[in-house]
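Protein sequence lines, in the order shown, are assigned to chains A, B and C.
So for the first sequence, the working numbering puts the first residue at 4; every next one is plus one.
So for the second sequence, the working numbering puts the first residue at 37; every next one is plus one.
So for the third sequence, the working numbering puts the first residue at 2; every next one is plus one.
We treat Cβ as the ideally placed atom computed from N, Cα and C, and that holds for glycine.
Predicted, not measured: the structure shown is a model, and the values here were computed from it.
Inspection log for the structure reproduced underneath, given as structure tokens.
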Amino acid sequence: MIGLELLLLIFLVFCAIATVLCKRLISSIIIFMAYSAVMSLVWFLLQSPDLAITEAAVGAGMTSLLFFLTLQRINQLKGLEQDEDNTKR
Amino acid sequence: MLELILEQRYYLVSILLFSIGFVTLFLHPNLIKKIIGLNLMDTSIFLFLAAMGYMEGGQAPMIEEGSNWAMYINPIPGGLVLTGIVVAVSTTALFLSLTHRLYRKYHSLNLDVILMLAKKGREDT
Amino acid sequence: MKTTQNDNGWFRRILQWASESESEGADAPEDPEKQEFQEYLEYIDAHDYIEFGAYRYMRYQQRKELGLDEPTSHYTAEPPTPQKKQKGKKSHHKQGVLRKQLRWYQVASVLITCVIFWILCLVVMELPEFGALDAPAWNEVVQRYLQQGREETGAVNAITGMILEYRAFDTFGESVVLFAAAISTILLLRTPNQPLRQRKAGDEILKELSKYLLPIILLFGFYVILYGHISPGGGFSGGAILGAALILASLILGAGEVGRVLTSKRVTYITVFSLLTYAVMKFYSFYTGANHVGWEIPKGEAGHLFSGGFLLPLNLCVGLIVACTMYTFYTLFIPTEEE
Chain A
4 MIGLELLLLI FLVFCAIATV LCKRLISSII IFMAYSAVMS LVWFLLQSPD LAITEAAVGA
64 GMTSLLFFLT LQRINQLKGL EQDEDNTKR
Chain B
37 MLELILEQRY YLVSILLFSI GFVTLFLHPN LIKKIIGLNL MDTSIFLFLA AMGYMEGGQA
97 PMIEEGSNWA MYINPIPGGL VLTGIVVAVS TTALFLSLTH RLYRKYHSLN LDVILMLAKK
157 GREDT
Chain C
2 MKTTQNDNGW FRRILQWASE SESEGADAPE DPEKQEFQEY LEYIDAHDYI EFGAYRYMRY
62 QQRKELGLDE PTSHYTAEPP TPQKKQKGKK SHHKQGVLRK QLRWYQVASV LITCVIFWIL
122 CLVVMELPEF GALDAPAWNE VVQRYLQQGR EETGAVNAIT GMILEYRAFD TFGESVVLFA
182 AAISTILLLR TPNQPLRQRK AGDEILKELS KYLLPIILLF GFYVILYGHI SPGGGFSGGA
242 ILGAALILAS LILGAGEVGR VLTSKRVTYI TVFSLLTYAV MKFYSFYTGA NHVGWEIPKG
302 EAGHLFSGGF LLPLNLCVGL IVACTMYTFY TLFIPTEEE
């Protein structure tokens, strides 16, 4: 059990560093999504099912969706179709 | 030392995540990355609180009739974090809308470029 | 301390700008971005003042008409790559004031973070063991909540009983925070007279799948809300699930379809109505509870759906507020037809 906990926690730290260091914004948001999903597993290990449900719906769903939509709006403002960072969803 | 680290693993990971978010908030020029850093800090504090409320071998606080109170985990951090997660997403939405307004005006997400342009604009008017 | 070596492109650009007055000589600026900015300055000297963004959009339209397709945006969403050309030039620059300030800022922020990390590490080493029962967090409050919560609130789920009964005022504040965030986002982002972008009709597979999936998600959300005082869940979790289901529906069926039923006015009405209902119900139970009037709602038998007094309608109110706030955020953030 402690092995699983350590694995998840190390994954959390790894994800956080990768989110910050990632060059492309869209990739870093996807990594943040994975971070939230793993965080909901950690809540479950801490015996808090309420938090696990909320984190899975809010952290992995809503927050990253808002980030994606903001990026999409921003790229639309750029008026560039051939931009590399285009958020094709 | 190693045993202590293993024992306090949740606390250590939460302060690590807090530091990562803090550095991002300070040093990364991109506004969206700054918001992600703020979210990292949020979740690290939630992790710290929830880890404070955990008890070895405790169950989720669904209280059965006539049971011993010491067999459940602490419900107070759970309640605090539950409201905190939902408030965190609303503040994130607010920050993202502010970022969008900034981009609409200055066409950049880089905070330093925005400051530079704002300074130039103020001087020219 | 790698961050202090200022090998980033953005950093060097700032420095160049800071020492612009010295470096601007007879040679034309090589950086296209700088060139564009120079042109912009000349333009606003010749014409009226105009925002830089508007100027760039105008230039983009002009180039599009001329048929020049070259990318005009140099402000990418990420820090630009370092430009090798300016490496040799850098040594000629005098160090500006801004440069010193920036370096000081970076060093100071790294130092502050290191100090905070060190202090927190020391604190963590002194904290009581993880998972120990004799930790000071386990005081008489927790004991009271766990021992008598079931009788006093009528809720099996101690967390719901706590946030909606013992600390109901706190939860009311949280709901008001959600409402305030939604209102300020509306103020910042709303574009009243622009139609929503009509998305292309989604995949057939997605549509068929959503026909079976959406009712199940909605049902699960309502289950989590209504059984919040019996099983894990409650207003916040179930409201988030409901909001996610609404967003999924408007992603698949198109924003217009859902928007016709749930207009922004109706969503705001639902939120305000839920907030007021919450306030009235909690006022009632505080008033009667504090004055021993004896009109308290019977708690019922814990473990049944209709038990715990006001817990069920309170959960429903909180859930509706959260779901409406999430849906409002989504409708404000979807791209409009023309910016």
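- The Cβ of residue 99 of chain B sits no closer than 8 Å to any Cβ of chain A.
- Counting the other CB atoms within 10 Å of its CB gives residue 23 of chain A a total of 16 or more, which places it among the buried residues.
- Approximately 5 Å separates the beta-carbon atoms of residue 247 of chain C and residue 328 of chain C; this is inside 8 Å, confirming the contact.
- Counting of Cβ neighbours within 10 angstroms places residue 78 of chain B among the buried residues, the total reaching 16 or more.
- For the region 236–318 of chain C, the continuous alpha helix (DSSP H) assignments of 4+ residues that do not extend past its boundaries occur at 236–253, 256–262, 265–292, in sequence order.
- Setting aside the 5 residues that flank it on each side, residue 334 of chain C is surrounded in the same chain by 190, each with a C-beta closer than 8 Å to its C-beta; the list follows chain order.
- Rounded to whole angstroms, the Cβ separation of residue 73 of chain A and residue 135 of chain B is 7 Å, and the two are in contact under 8 Å.
- Flagged as an interface residue toward chain C: residue 122 of chain B, by a C-beta distance shorter than 8 Å.
- Under the Cβ criterion of 8 Å, residue 73 of chain B is not counted among the residues facing chain C.
- Nearest in C-alpha terms to residue 18 of chain A, of all of B:63, B:110, B:75, B:88, is B:75.
- The Cβ atoms of residue 234 of chain C and residue 29 of chain A lie no closer than 8 Å to each other.
- Distance from the CA of residue 285 of chain C to the CA of residue 293 of chain C, rounded to the nearest whole angstrom, comes to 12 Å.
- In this structure, the alpha-carbon of residue 172 of chain C lies about 6 Å from that of residue 164 of chain C.
- At a cut-off of 8 Å, the C-beta of residue 110 of chain C has a neighbouring C-beta in chain B.
- Look at residue 228 of chain C here: in three-state DSSP terms it is coil, with no helix or strand label.
- By a beta-carbon distance limit of 8 Å, residue 53 of chain A does not contact residue 231 of chain C. Their separation comes to about 12 Å.
- In the structure shown, residue 110 of chain B falls within a coil segment according to DSSP collapsed to helix, strand and coil.
- Residue environment: residue 243 of chain C is assigned as buried (16 or more neighbouring CB atoms within 10 Å of its CB, all protein chains considered).
- Taking a beta-carbon distance threshold of 8 Å, residue 142 of chain B does not count as an interface residue toward chain A.
- By the C-beta criterion, the region 57–76 of chain B is judged not to be in contact with the region 96–104 of chain B, since fewer than 3 inter-stretch pairs fall below 8 Å.
- Chain-order list of chain A residues neighbouring residue 225 of chain C: 56, by C-beta distance under 8 Å.
- Counting only runs of at least 4 residues, the region 44–116 of chain B fully encloses the following alpha helix (DSSP H) elements, listed from N- to C-terminal order: 45–63, 67–89.
- Contact annotation, residue 88 of chain B with residue 113 of chain B: C-beta distance approximately 6 Å; criterion of less than 8 Å satisfied.
- Residue 11 of chain A is a Cβ neighbour of residue 45 of chain A, given a cutoff of 8 Å.
- A straight line joining the alpha-carbon of residue 288 of chain C with that of residue 322 of chain C spans about 24 Å.
- Under the 10 Å beta carbon count, residue 174 of chain C is surrounded by fewer than 16 other beta carbons and is classified as exposed.
- Look at residue 160 of chain B: its C-beta is under 8 Å from a C-beta on chain C.
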